[in-house]
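Here the sequence shown stands for residues 1328 to 1729, numbered as in the numbering used here.
Beneath this line is the structure, given in structure tokens, with notes to follow.
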Amino acid sequence: MCPAFGGLRVLLRIDGSQLCMAADQGCLYGLTFVSHFYAARRSVVSPELMNVQISGGTMIDDLRRAIEKIAEDPAVRFIPVVSTCVAETAGIAEELLPKRVGNAEVLLVRLPAFQIRTHPEAKDVAVSSLVKRFGAFGEPKKGKTLVVLGEIFPVDAMMIGGVLQKIGVESVITLPGADLDDYVQAGRASACAVLHPFYERTAALFESAGVKIVGGNPIGANATGQWIERIGEALDLDPATVKQVADEERQKARQVMAGFESRMHGSVIVAGYEGNELPLVRLLLEAGLDVPYASTSIARTPLGEEDHRLLTMLGTEVRYRKYLEEDMEAVLEHKPDLVIGTTSLDSFAKEHGIPAIYYTNNISARPIFFASGAASVLGMIAGLIEKREIYGRMKEYFMPTE
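Here is the structure:
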């Protein structure tokens, strides 16, 4: 899949936006299709950039006309202009495009596949571009305001807000967001909790503006308590209140995991491409499962170093920038009781009689944080592991051994 999709996923969900793509027809068709497949709220507009326009020197004029046409709609407040890896469009000079037309702000976002390897990293490029352009970094900081950086399940966002309110956080801004004003107000936050390790550019931008960066996730018992304590320290909140809430949430998560203790036996392989796989592995290991192998599409980053050190210490082989063939080899080597992976890997595992589920639809589409998230994830996984024998019987029925 073209990595630019990750950026479109962010930009197409902003209320009052209308995306304009500077790309050839192939990019336009493919990215429009996949964006709608993943529930984009609006379509993509583009000038007709065929070879005549690209090679004939009229591309910038055509692009300007398309932007002006979009801006005629009074409901459009923001026009992101996305350039992809077509050579002529990748090098568009930002100064040749207007910064504002009518009521709409215009922003060039470069998402070339030759520079951006994966769609999670394209999300980082889109978010950092938005924060850099619109973030109110020059205005006074709000002392008890936190940016939560990472695309998460809506229930998780509500849970984070509820828990942080208990320790004294007055405002939580979740990015990527649907409101352009969220990106404006993010510049006034005092701290940023980076939930996913691929947001390197965005985290660096916040840090350079004096915003404190908090790593980790509220996942499992140990990490949940630690995460709450880090937020309290970053925002200089009352230590006694922070400790009380951290201990409460830590205990809730432990109680949930204790309820699954008798069912948490077996091994699981985790192999996604979302960039948020390692915190899930932490939860599975803490719950008592064996995770011999985990892989992700993103690179190893400083933001994910804590997870990496813990997982490798506990015996998990962590593979970055992985290939499907590496994941397949891991399945054959470890013969796990469950695979949580990509669709291709899932098909491969099922052919070998191993239960397998698609990571994106089953993990990214459910709550994972705090005690409620642990209950949701562990309940599903326990049920799947218990069906290992059924998969074996199905394989024997459809592919009987001689």
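Idealized CB from N, CA, C, for every residue including glycine.
Would DSSP call Ser1362 helix, strand or coil? Helix at Ser1362.
Give the secondary structure of Asp1483 by DSSP, where H, G and I count as helix, E and B as strand, and everything else as coil. If DSSP states are grouped into helix, strand and coil, Asp1483 belongs with the helices.
Leaving out five residues before and five after Pro1663 in sequence, what residues of the same chain have Cβ atoms less than 6 Å from its Cβ? Apart from the 5 residues on each side of it in sequence, Pro1663 sits with its Cβ closer than 6 Å to the Cβ of Ser1594, Val1595, Ile1596 in its chain, given in chain order.
Which class does Val1436 belong to by DSSP, given the choice of helix, strand or coil? Residue state, collapsed to three classes: strand.
Candidates Leu1705, His1679, Ser1410: closest to Gly1615 by CA position: Nearest Cα to Gly1615 within the set Leu1705, His1679, Ser1410: Leu1705.
Start-end ranges of the alpha helix (DSSP H) lying completely within the segment 1556 to 1636, minimum 4 residues: Runs found: 1566 to 1586, 1604 to 1614.
Run the CB neighbour count on Pro1467, radius 10 Å, all protein chains shown included, and call it buried at 16 or more, exposed below. Exposed, since its Cβ has fewer than 16 Cβ neighbours within 10 Å.
Specify the secondary structure class of Phe1405 as computed by DSSP and reduced to three states. Shown here, Phe1405 sits in a strand according to DSSP, grouped into three states.
Can you check whether the CB of Thr1359 is closer than 8 Å to the CB of Ser1344? Here Ser1344 is not near Thr1359, since their CB atoms are 8 Å or more apart.
Let's test the definition: count the other Cβ atoms within 10 Å of the Cβ of Leu1423 and tell me whether it reaches 16, buried, or not, exposed. Leu1423 is classed as exposed because its beta carbon has fewer than 16 other beta carbons within 10 Å across all chains shown.
The segment 1488 to 1505 touching the segment 1329 to 1347, judged by at least three CB pairs closer than 8 Å: Counting Cβ pairs under 8 Å, three or more are found: they touch.
For the alpha helix (DSSP H) that Ala1449 lies in, which residues bound it at each end? Its alpha helix (DSSP H) spans residues 1446 to 1461.
Could you tell me which of Ala1676, Lys1649, His1363 sits nearest to Glu1660, measuring between CA atoms? Cα-wise, what sits closest to Glu1660 is Ala1676.
DSSP has Val1538 in a bridge; who is on the other side? Under DSSP, no beta-bridge partner is assigned to Val1538.
Span separating the alpha-carbon of Glu1560 from that of Arg1391: Distance between the alpha carbons of Glu1560 and Arg1391 is about 48 Å.
Just the Cα atoms here: how many angstroms apart are Phe1587 and Thr1501? One C-alpha to the other measures close to 31 Å.
Span of the beta strand (DSSP E), counted from its first residue to its last, around Arg1646: Residues 1644 to 1646.
Where do the N-terminal and C-terminal ends of the alpha helix (DSSP H) with Tyr1718 fall, by residue? The continuous alpha helix (DSSP H) containing Tyr1718 extends over residues 1715 to 1725.
DSSP three-state call for Leu1659: helix, strand or coil? Here Leu1659 carries a helix assignment [DSSP, helix/strand/coil].
Beta strand (DSSP E) segment containing Tyr1685, residue limits: Unbroken beta strand (DSSP E) run through Tyr1685: 1683 to 1685.
Would you be able to state if there are at least three C-beta pairs under 8 Å between the segment 1621 to 1628 and the segment 1642 to 1650? Flag = yes, the segment 1642 to 1650 and the segment 1621 to 1628 touch.
Per DSSP, which one or two residues make a beta bridge with Lys1469? As a beta-bridge residue in DSSP terms, Lys1469 pairs with Ala1516.
Whose C-alpha, out of Gly1489, Gly1542, Asp1617, Gly1465, is nearest the C-alpha of Gln1512? Selection Gly1489, Gly1542, Asp1617, Gly1465 evaluated against Gln1512 yields Gly1465 as nearest (Cα-Cα).
Inter-residue Cα distance where the pair is Val1618 and Pro1481: Their backbone Cα atoms lie some 27 Å apart in a straight line.
Could you have a look at Thr1501 and say whether DSSP puts it in helix, strand or coil? Assignment of Thr1501 by DSSP, reduced to helix, strand and coil, places it in the strand class.
Are there three or more Cβ pairs, one per stretch, closer than 8 Å when the segment 1568 to 1587 is compared with the segment 1514 to 1529? Fewer than three Cβ pairs drawn from the segment 1568 to 1587 and the segment 1514 to 1529 lie within less than 8 Å of each other, which leaves the two stretches out of contact.
Spatial neighbours of Asp1451 within its chain, please: C-beta separation below 7 Å, excluding the five flanking residues on both sides. Phe1525, Tyr1526, Glu1527, Arg1528, Thr1529.
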